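Q: Residue numbers (this note's numbering): 2 to 190. Where a beta carbon is used, it is the ideal one built from N, C-alpha and C, also for glycine. In this text, all values refer to a predicted model and were calculated from it rather than measured experimentally. Below is the structure I would like to discuss, written out as structure tokens.
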């Protein structure tokens, strides 16, 4: 049964939150360079939803999206055409949708690990659904939603999520990130 009084992964303390936001955003920038258009936004949204307050989570996802666009257009040579810009906007919308979905799930508080894993999977589905709907209006490759492509993107998100959670666990156990407390009340808008 869901409980609103279980321990959370949320970070307390302004300095710790700012450092975590910067670290996750920097990882997002690195993912953008290495994975190009397959940046693991679902993983970043899931991590943000279970470790940060809503405002800070939005900042992480927005910074990652902006960094992704900058890396794409300035370093990776994304085409500067209307459909490329439109896809960039859709990716931002999809990442925001994943984050909103994940924050809604985080309210259930099944426990930090279960909540984080469910957030990753449901956020991934929300992200992909938004992208799929966009294919009805925007040009895309025939294999953009093939099982192989979706499986690879899911794999990238799982690896990114596991890596970010491992980083979180290491720096939290080293005492650099203070948990928000033994019990966290439900999040509100």
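In this structure, does DSSP put residue 87 in helix, strand or coil?
A: Here residue 87 sits in helix by DSSP.
Q: Hey, how far is the Cα of residue 124 from the Cα of residue 62?
A: Answer to the nearest angstrom: the Cα atoms are 13 Å apart.
Q: Are the stretch 65-85 and the stretch 113-128 touching, with three or more C-beta to C-beta distances below 8 Å?
A: Segments in contact, no.
Q: Which of the three DSSP states, helix, strand or coil, is assigned to residue 1?
A: This structure cannot settle anything about residue 1, because the visible part of the chain is limited to 2 through 190.
Q: Classify residue 11: buried if its beta carbon has 16 or more other beta carbons within 10 angstroms, exposed otherwise.
A: Buried, by the Cβ-count rule.
Q: Taking residue 59 as the reference, which of 150, 95, 85, 151 has the closest Cα?
A: The shortest C-alpha separation from residue 59 is found at 95.
Q: Among 31, 71, 14, 13, which has the Cα closest to the Cα of residue 164?
A: Taking only the C-alpha atoms, the option nearest residue 164 is 31.
Q: So, helix, strand or coil for residue 1, using DSSP?
A: Coverage of the chain is limited to positions 2 through 190, which leaves residue 1 absent and any answer about it impossible.
Q: Using 10 angstroms around the beta-carbon of residue 150, count the other beta-carbons present and answer buried if the total reaches 16, otherwise exposed.
A: It counts as exposed.
Q: Report the option in 52, 46, 29 whose CA atom is closest to the CA atom of residue 127.
A: For residue 127, the nearest C-alpha among the options comes from 46.
Q: By a C-beta neighbour count over all protein chains shown, 10 Å radius and 16 as the cutoff for buried, is residue 13 buried or exposed?
A: Label assigned to residue 13: exposed.
Q: One question on the structure: do residue 29 and residue 65 come within less than 8 Å of each other, judged by their Cβ atoms?
A: A contact, by the Cβ cut-off of 8 Å.
Q: When you compare only the Cα positions, how much space is there between residue 109 and residue 102?
A: Going from the Cα of residue 109 to the Cα of residue 102 covers about 12 Å.
Q: I need the DSSP call for residue 184, collapsed to helix, strand or coil.
A: Legend: pLDDT at residue 184 = 41, less than 50; position of this residue unreliable, value from coordinates given subsequently. Coil, per DSSP.
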